[in-house]
Amino acid sequence: MRKLALIVPCGSKYGKNQYLKSFLEQNDVVSNFYGAWETPNLSLLTIAGMIPDSFEVTFIDEDHGQTINFDAGYDIVALTGMTQQIHRAYEICDNFRKRGVYVVLGGIHATIMPEEAMLHAHTVIVGEGEATWPAFLQDYLSNRPEPLYVSKGNTIFSDSPVPRYDLIDKRLYKSYSVQTTRGCPRTCSYCTLPIMYGNTYRHKTPQQVIYEVKMIQEVDKNPFVFFADDNMFIAKQKSKELVSEIGKLQITWGTQTDISVAEDEELLKALYAAGCHWLFIGFENVSETGLSFLDSRQWKAKQLKKYESSIEKIHKYGLNIWGSFMFGGDHDTTSVFSDTLDFTLRNGLYSGSFTILTPLPGTELFQEMNRQGRIIDYDWSRYTFWDVVYQPKNMSPQELAEGVAWVYNKFYSAENVRERTRKIKERIRKAICQ
Ligand code: SF4
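Going by my numbering, the sequence shown opens with residue 141, and the numbers climb by one from there.
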């Protein structure tokens with residue numbers, strides 16, 4: 141039987157931002173909140189669902205502490221990696237190649253920079269793996285694998301296989317990912333999604349999603365499910381049908397959405413009833429100029445005036461908001477840190493992710509900053525969203541790195557956490573009494 145290993149390379153996590161690193165390592169509150177992201181890699185588990193039984197499959201998650209045995213006698217290793225993981229991915233590829241193991245590399249960075257990836261892997265998969273992975277396996281078994289497989293157009297998402305949750309060591313994770321939709325119709329200039337999927341938006345069927353959650357429940361009877369959609373509630377009617385089915389599973393869960401979720405109160409009510417614990421929402425910035433810089437079509441800038449009333453509506457239904465904010469855009473001055481902190485505290489957000497705007501290769505933002513000669517660091521391991529890799533316009537790189545740490549320290553201070561917890565309990569009590 142041929143041996144195939146699926147490997148998640150270790151990323152650089154919080155990068156080299158010294159101000160932030162020491163804070164995150166010390167703060168239990170933050171590590172608890174961020175534990176929700178401790179989830180196995182869904183892309184590899186998904187392609188595992190397409191591997192014939194003639195292979196013995198091993199899933200190795202170096203990013204969650206598992207070690208790689210380079211001498212385990214694998215015939216094939218397949219890796220994926222975001223930009224910040226890619227250096228380590230290349231090291232692993234090179235190591236296996238030296239031992240004569242066949243190496244396949246896919247994922248977002250390899251999709252954007254296939255020529256670079258081909259220096260390290262025998263085969264590079266560009267685009268969605270569901271489209272090309274079976275073709276690669278077939279060619280491999282016929283001794284004629286190609287160096288490059290490019291998916292043409294988008295896959296039919298409802299044909300996506302059931303991820304192999306049975307391959308994971310559940311002790312390593314605090315949540316399990318399921319994807320119900322793929323893609324996003326928005327056009328944020330810093331986002332890699334449009335490169336990967338265009339502006340398409342595709343759904344799995346509710347039956348498929350329910351089946352996948354049931355497979356997770358086979359592994360863990362009481363899972364926290366992270367619906368790892370890029371933007372889950374774009375098609376509100378379909379969302380309501382799905383949420384009603386999810387409610388029957390009696391799980392707790394969270395997901396990612398944009399602020400338009402607040403436009404449908406029936407959906408908000410259904411979400412709470414279905415066990416939704418938090419909504420991760422990308423607010424990004426709290427000024428109109430700050431938002432307009434991030435998207436040439438201005439969708440988020442147009443939502444700004446509704447941000448506070450939308451938050452209030454979401455809270456009214458007992459749902460928590462995990463707000464995401466990004467610092468360092470061309471209109472941001474150092475006041476962006478205190479303005480954002482005020483916004484989060486004033487609106488009683490349950491949790492906050494504060495990151496540094498990062499021009500990921502392939503994005504509009506990268507091209508523009510590169511053209512302007514403002515990229516100061518091409519070390520991909522620093523493209524973490526916590527490190528400064530470009531010259532900001534209205535502050536120094538150090539002010540930006542320190543500013544994000546300052547917001548974290550304030551937002552997660554014992555006093556603010558206490559106050560927030562009190563407000564959340566009050567909100568939930570009212571929602572339950574409604
Ligand atoms: S809304 Fe989110 S997922 Fe959609 S394009 Fe913008 S950043 Fe990407």
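Where is the CB? At the ideal position from N, CA and C, for every residue including glycine. Note that this is a predicted model, so its numbers are computed, not measured.
Whole-angstrom distance between residue j and residue i, CA atom to CA atom
i    : j    : result
F551 : Q507 : 33 Å
Q512 : F525 : 20 Å
S449 : V426 : 14 Å
H260 : G151 : 17 Å
H249 : G338 : 16 Å
Q377 : V401 : 12 Å
T473 : M535 : 6 Å
L579 : S379 : Absent from the structure is residue 579, since the part of the chain shown begins at 141 and ends at 574.
T220 : E566 : 43 Å
F494 : G458 : 23 Å
P346 : E381 : 8 Å
C328 : D398 : 12 Å
L553 : D309 : Leu is not the amino acid found at residue 553; the sequence shown has Ser there. Their Cα atoms are separated by approximately 34 Å.
S475 : L540 : 11 Å
G468 : D404 : 32 Å
Y159 : P537 : 12 Å
G502 : E202 : 26 Å
E178 : S315 : 6 Å
Q206 : I200 : 6 Å
K533 : H471 : 8 Å
Y341 : L184 : 21 Å
G189 : R304 : 5 Å
D299 : K344 : 8 Å
L312 : P180 : 8 Å
K238 : G175 : 36 Å
F163 : G492 : 15 Å
G463 : F423 : 6 Å
N283 : E358 : 37 Å
V244 : L281 : 14 Å
A229 : G240 : 17 Å
F367 : Q348 : 13 Å
M253 : L182 : 21 Å
R522 : E256 : 17 Å
Beta bridge counterpart(s) of residue i as assigned by DSSP
i    : result
A218 : L146 and V244
R522 : Answer is none; R522 lacks a bridge partner.
V290 : V266
R322 : R342
I515 : Y530
Q396 : F420
Y316 : V365
Continuous beta strand (DSSP E) stretch holding residue i: start and end
i    : result
T198 : F195 to D201
W418 : C416 to E424
V365 : F364 to F367
M466 : N460 to F467
I496 : S491 to I496
Of the residues the options, the one placed nearest residue i, counting alpha carbons only
i    : options                   : result
E286 : M258, T295, Y313 and L307 : M258
K418 : I515, R239 and T395       : Residue identity differs from the one stated: residue 418 is Trp in this sequence, not Lys. It is T395 whose Cα lies nearest to the Cα of W418.
Q224 : G458, L500 and G543       : L500
M466 : G543, G458 and I451       : G543
Y548 : D299, G175, K565 and Q166 : Q166
G246 : G269, E255, K446 and R228 : G269
N294 : R326, G205 and T272       : T272
N362 : W393, T332 and A145       : W393
G387 : L408, D193, D404 and Y154 : L408
E231 : S282, A188, V148 and I265 : V148
D519 : S291, E428, I226 and F210 : I226
T198 : L307, L444, K344 and A275 : L307
S291 : V264, V302, S317 and Q278 : V264
E428 : Y154, I191 and W439       : W439
I421 : D479, K453, I461 and L277 : I461
T251 : L434, A441 and T332       : T332
Y530 : T498, W546, E504 and E555 : T498
A218 : H204, I187, S478 and D193 : I187
S317 : D360, S384 and D527       : D360
Residue i - containing alpha helix (DSSP H), residue span
i    : result
S432 : E428 to L434
F236 : I226 to K238
G387 : K376 to G387
N549 : P537 to F551
A413 : E405 to A413
K453 : Y447 to K456
T473 : Unbroken run through T473: none, as it is neither H nor E.
Residue i Cβ short of 7 Å to ligand 3 heavy atom set
i    : result
N294 : Annotation note on ligand 3: not contained in the displayed structure, which lists ligand 1 as its ligands.
Report yes or no: do three or more beta-carbon pairs, one from the stretch 480–487 and one from the stretch 548–568, lie closer than 8 Å?
-> Output reads yes: the stretch 548–568 touches the stretch 480–487.
Between the stretch 321–338 and the stretch 402–421, are three or more C-beta pairs nearer than 8 Å?
-> By the C-beta criterion, the stretch 321–338 is judged not to be in contact with the stretch 402–421, since fewer than 3 inter-stretch pairs fall below 8 Å.
Is the number of C-beta pairs between the stretch 361–378 and the stretch 307–326 that are closer than 8 Å three or more?
-> Yes, the stretch 361–378 is in contact with the stretch 307–326.
Three or more C-beta pairs below 8 Å linking the stretch 352–369 and the stretch 199–215 = Taking 8 Å as the limit for Cβ pairs, the verdict is that the stretch 199–215 does not touch the stretch 352–369.
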